[in-house]
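Input: a single structure, listed below in structure tokens.
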DNA sequence: GTTAGCACTCTCGACCCGAGAGTGCCAAGT
DNA sequence: ACTTGGCACTCTCGGGTCGAGAGTGCTAAC
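Residue numbers (this note's numbering), protein chains in the order written: chain A, 278 to 644; chain B, 278 to 644.
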């Protein structure tokens with residue numbers, strides 16, 4: 278029942294489970310209290326609020342031990358204790374209870390997805406919105422893309438205004454479209470065929486050439502594309518380029534306002550760096566291979582994050598999509614004082630749900 | 278040379294131009310000083326910094342007059358003056374200089390658009406990024422959509438996994454795609470034709486039925502769609518539905534972090550309401566008709582905004598796109614202490630640039 | 001109409017101080 | 001050996017005071 282998280286590259290295993298039963302329950306109580314109140318928690322209030330059947334003095338000594346182990350910290354003498362990043366990790370891995378989302382919540386979420394006939398992008402939007410609302414944190418969802426997608430089907434359409442539309446279906450289920458404006462069409466091929474029939478012929482050539490190839494393979498075969506009519510070759514090259522930038526180019530976020538409300542980020546400038554990193558798409562792109570290595574929920578707490586700007590936030594993320602096909606990311610971002618017991622099951626459930634939706638949408642895969 | 282802004286529904290014209298030359302120059306100096314420093318500005322520093330050839334005492338009396346007119350306000354006795362919303366408006370309409378973007382900036386922006394072969398959505402992303410960077414405010418860009426778009430061309434594609442892809446080109450240049458998963462295909466039509474030729478035939482029927490119609494017209498003709506094969510009718514209905522929700526469903530924002538840095542929003546919770554309103558798409562949808570009524574830059578300052586949550590922010594927005602075709606919104610959002618002299622020319626330039634791009638992309642229109 | 005002078009007001013930061021919370025340690029109890 | 005009550009100690013936080021500084025409004029003189 279212990280959930281499936283890992284610290285990132287996780288250099289060395291922390292001195293985890295050498296904790297006594299008392300230490301464990303005190304740590305759990307401190308974390309859970311702090312998650313709710315956001316104020317350092319003292320021995321007295323801890324005993325009262327969590328019905329520990331010991332005296333504050335006993336709790337104090339346990340706290341001192343936990344602090345020596347690096348799981349708790351003191352803002353200053355004579356304030357209560359606050360969990361350290363390591364403390365949160367122990368909590369998440371060993372102390373947190375109930376790692377399953379309520380049946381009721383599951384149904385509610387499912388219902389929202391069922392309610393409307395949604396297109397793929399709006400699934401992502403909805404997923405972000407649900408994540409944000411349910412965890413009161415910022416949610417991030419990236420579309421599912423495959424690094425090794427193969428060309429499926431190309432379709433060329435002649436439009437009334439003289440421009441051309443190219444639609445490319447990839448094997449990972451994504452659809453790319455590119456429009457060639459009339460100026461380009463004219464430049465490339467002043468007397469190009471503009472009948473739909475001609476374009477169908479060109480598309481047939483492209484399909485024969487490209488279907489089943491990955492973008493790099495197709496590029497290697499680029500020389501032979503030169504034989505194609507100029508305006509078709511242009512489309513093909515442009516498509517290749519686009520299919521190749523698998524970088525996460527589009528990110529759906531929601532609930533940034535939630536994080537603004539957290540006392541940790543009350544003076545908004547602290548969030549600035551985080552937002553900027555999040556915007557820079559390479560951050561998520563960089564996260565992708567790490568998360569993709571193993572399915573399930575990954576938790577990255579504070580300094581475990583390799584990026585300096587993220588030292589004060591936690592991420593709860595999961596990949597979704599079939600591991601050998603298109604992969605996307607989905608998760609939440611918040612202060613290290615993140616409601617893990619809520620966030621982790623929610624992210625897990627949503628990732629499995631998205632898996633379901635994607636396979637039902639695109640059918641089983643065969644290759 | 279006076280720029281082309283309007284207060285929103287603008288109930289009554291403010292007691293605008295009854296200002297003496299002295300009052301005008303003092304108001305201008307106060308606004309420009311405050312835009313830079315964000316601190317209430319006093320008579321002494323004003324005279325020094327802006328080389329007014331009068332004594333502080335003279336400035337003080339002018340300030341008192343301006344305050345009586347409601348253009349300046351006092352945070353408290355014995356602090357400097359701060360422009361009121363009305364003061365900003367007078368400034369924007371009558372006092373602001375140089376309403377043209379530098380040639381250098383124009384070229385730089387153009388260059389960024391030229392540099393990469395971008396698809397339509399990435400234009401929007403780039404536009405938002407440029408706006409945000411150039412004005413140090415939050416930028417908002419919505420895609421161009423037409424309320425009265427007509428159906429252009431429908432294409433149906435049979436995919437390898439048994440699902441169908443429908444691509445619909447609208448007269449406003451937008452391309453919608455919808456995928457029918459295999460389960461739906463099977464349910465609707467267990468022994469549906471799956472050859473591409475069959476789908477081409479069905480597409481031809483759809484094209485004949487729908488081309489040139491608006492979504493409402495097409496819906497009225499819905500009865501006749503029943504004659505179509507079930508799986509095609511399903512696509513058509515689903516497309517109709519999608520084409521009809523012209524609501525601004527997708528909004529590109531950038532630079533929210535910029536606003537977080539402004540002292541006005543230092544304690545982030547003030548931004549919360551603003552972000553929420555911005556997320557709720559109906560806000561922009563509601564703005565659209567107002568802005569669309571006249572092209573050019575519209576400035577909405579603080580309380581001029583009908584929405585309560587926006588009482589402390591200013592918007593500098595412009596529509597883009599041909600007025601009788603697809604229309605989108607583009608602009609920036611920041612504190613009422615917005616750098617208008619920078620923001621207005623930038624928004625104006627970007628809106629004309631997007632106009633250019635769209636017409637060159639989609640060609641001239643004929644109907 | 002403009003300016004210098006002047007009394008007045010208000011904020012802001014520094015400082016102090018006491019209350020309160022919480023700790024660490026020690027000695028006594030079980 | 002662990003637990004507990006007691007106690008001295010430390011540190012923050014809020015309130016209050018105070019002086020400096022900035023800025024105003026008014027008035028009288030230019």
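Note that beta-carbon positions come from the ideal geometry of N, C-alpha and C, so glycine has one too.
Contacting residues, own chain, Cβ-Cβ under 6 Å from residue i (five flanking each side not counted)
{"i": "residue 491(A)", "result": "425, 427"}
{"i": "residue 449(B)", "result": "423, 426, 602, 603"}
{"i": "residue 597(B)", "result": "605, 607, 628, 631, 632"}
{"i": "residue 533(A)", "result": "415"}
{"i": "residue 489(A)", "result": "427"}
{"i": "residue 529(B)", "result": "401, 402, 405, 418"}
Distance CB(residue i)-CB(residue j) smaller than 7 Å
{"i": "residue 317(B)", "j": "residue 360(B)", "result": "no"}
{"i": "residue 574(A)", "j": "residue 536(A)", "result": "no"}
{"i": "residue 608(A)", "j": "residue 593(A)", "result": "yes"}
{"i": "residue 551(A)", "j": "residue 584(A)", "result": "no"}
{"i": "residue 540(B)", "j": "residue 376(B)", "result": "no"}
{"i": "residue 455(A)", "j": "residue 440(A)", "result": "no"}
{"i": "residue 405(B)", "j": "residue 531(B)", "result": "yes"}
{"i": "residue 620(B)", "j": "residue 314(B)", "result": "no"}
{"i": "residue 545(B)", "j": "residue 545(A)", "result": "yes"}
{"i": "residue 348(B)", "j": "residue 304(B)", "result": "yes"}
Length of the line joining the Cα atoms of residue i and residue j
{"i": "residue 634(A)", "j": "residue 367(B)", "result": "55 Å"}
{"i": "residue 523(B)", "j": "residue 588(A)", "result": "Because residue 523(B) carries a pLDDT of 49, less than 50, the predicted location of this residue cannot be relied on, and the following value inherits that uncertainty. Cα to Cα, residue 523(B) sits roughly 41 Å from residue 588(A)."}
{"i": "residue 364(B)", "j": "residue 618(B)", "result": "15 Å"}
{"i": "residue 447(A)", "j": "residue 436(B)", "result": "10 Å"}
{"i": "residue 295(B)", "j": "residue 586(A)", "result": "52 Å"}
{"i": "residue 474(A)", "j": "residue 481(A)", "result": "11 Å"}
{"i": "residue 453(A)", "j": "residue 442(B)", "result": "12 Å"}
{"i": "residue 433(A)", "j": "residue 444(A)", "result": "6 Å"}
{"i": "residue 527(B)", "j": "residue 402(B)", "result": "11 Å"}
{"i": "residue 391(A)", "j": "residue 390(B)", "result": "40 Å"}
{"i": "residue 302(A)", "j": "residue 356(A)", "result": "20 Å"}
{"i": "residue 429(A)", "j": "residue 486(B)", "result": "29 Å"}
{"i": "residue 320(B)", "j": "residue 335(B)", "result": "9 Å"}
{"i": "residue 599(B)", "j": "residue 407(B)", "result": "22 Å"}
{"i": "residue 495(B)", "j": "residue 572(A)", "result": "45 Å"}
{"i": "residue 380(B)", "j": "residue 387(B)", "result": "11 Å"}
{"i": "residue 451(A)", "j": "residue 398(A)", "result": "11 Å"}
{"i": "residue 699(B)", "j": "residue 382(B)", "result": "As displayed, chain B neither begins before 278 nor continues past 644, which places residue 699(B) out of reach and without an answer."}
{"i": "residue 626(B)", "j": "residue 636(B)", "result": "16 Å"}
{"i": "residue 340(B)", "j": "residue 591(B)", "result": "24 Å"}
{"i": "residue 299(B)", "j": "residue 543(B)", "result": "35 Å"}
{"i": "residue 331(B)", "j": "residue 325(B)", "result": "10 Å"}
{"i": "residue 567(A)", "j": "residue 308(A)", "result": "27 Å"}
{"i": "residue 384(B)", "j": "residue 497(B)", "result": "49 Å"}
{"i": "residue 373(B)", "j": "residue 333(B)", "result": "23 Å"}
{"i": "residue 493(A)", "j": "residue 369(A)", "result": "42 Å"}
{"i": "residue 577(A)", "j": "residue 610(A)", "result": "10 Å"}
Residues that DSSP places opposite residue i in a beta bridge
{"i": "residue 544(B)", "result": "544(A)"}
{"i": "residue 362(B)", "result": "In DSSP, residue 362(B) forms no bridge with anything."}
{"i": "residue 491(B)", "result": "427(B)"}
{"i": "residue 530(A)", "result": "417(A)"}
{"i": "residue 454(A)", "result": "444(A)"}
{"i": "residue 595(A)", "result": "607(A)"}
Beta-carbon contacts of residue i that lie in its chain and below 8 Å, excluding the five residues immediately before and after
{"i": "residue 525(A)", "result": "Residue confidence for residue 525(A) is low, a pLDDT of 47 falling below 50, so the modelled location carries little weight and cannot support an answer."}
{"i": "residue 338(B)", "result": "none"}
{"i": "residue 580(A)", "result": "362, 588"}
{"i": "residue 400(B)", "result": "390, 631, 634"}
{"i": "residue 547(B)", "result": "541, 589"}
{"i": "residue 344(A)", "result": "350, 351, 358"}
Close Cβ partners of residue i (< 7 Å) along its chain, the five nearest in sequence each way excluded
{"i": "residue 306(A)", "result": "323, 327, 329"}
{"i": "residue 311(A)", "result": "318, 359, 360, 614"}
Whole beta strand (DSSP E) elements within the stretch 551-578 of chain A, 3-residue minimum: Here the runs fully enclosed are 575-578.
Within the stretch 369-450 of chain A, ranges of the alpha helix (DSSP H) (whole runs, at least 4 residues): Note on the stretch 369-450 of chain A: whole alpha helix (DSSP H) runs with a minimum of 4 residues are 380-392, 397-412, in chain order.
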